[in-house]
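**Student:** Mind having a look at this structure? Questions to follow.
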Amino acid sequence: MIVLMWLVFASIVAILANNRGRHPLLWFLLSIVLSPLIAGIALLCMSNIKAEQEAERRHKELLEATKQAK
Numbered sequence: 022m023i024v025l026m027w028l029v030f031a032s033i034v035a036i037l038a039n040n041r042g043r044h045p046l047l048w049f050l051l052s053i054v055l056s057p058l059i060a061g062i063a064l065l066c067m068s069n070i071k072a073e074q075e076a077e078r079r080h081k082e083l084l085e086a087t088k089q090a091k
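Residue numbers are given in this note's numbering: position 43 of the sequence shown equals residue 64, and the series is strictly consecutive.
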């Protein structure tokens, strides 16, 4: 039962990693080796790559729009 819960929480960390733009398999394996709690905390301390890329894309669009407006 403990092993099953460990795998479930490791899977949750992998899904969270994927949503944040990180490699899910790497984070799943890291969760299994260390602990899902430790890996989850480490993941949450790192930057959200997807959000940063989206912000950069919006910034570039705004720059292009202001250049075209002039």
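We put the beta carbon where it would ideally sit given N, CA and C, even for glycine.
In this text, all values refer to a predicted model and were calculated from it rather than measured experimentally.
(1) Measure the CB-CB distance between residue 52 and residue 24 and report whether it falls below 9 Å.
(2) Under the rule that 16 or more other beta-carbon atoms within 10 Å means buried, what is residue 90, buried or exposed?
(3) In three-state DSSP terms, what is residue 55?
(4) Within the continuous alpha helix (DSSP H) that includes residue 78, where are the two ends?
(5) Considering residue 26, what are the terminal residues of the alpha helix (DSSP H) in which it resides?
**Tutor:** On the basis of the supplied data:
(1) Not in contact: residue 52 and residue 24 (Cβ atoms no closer than 9 Å).
(2) Classification of residue 90: exposed, given that the 10 Å Cβ count is below 16.
(3) DSSP, read as helix, strand or coil, puts residue 55 in coil.
(4) Run containing residue 78: 70-90, per the alpha helix (DSSP H) assignment.
(5) Counting along the chain, the alpha helix (DSSP H) containing residue 26 begins and ends at 23-40.
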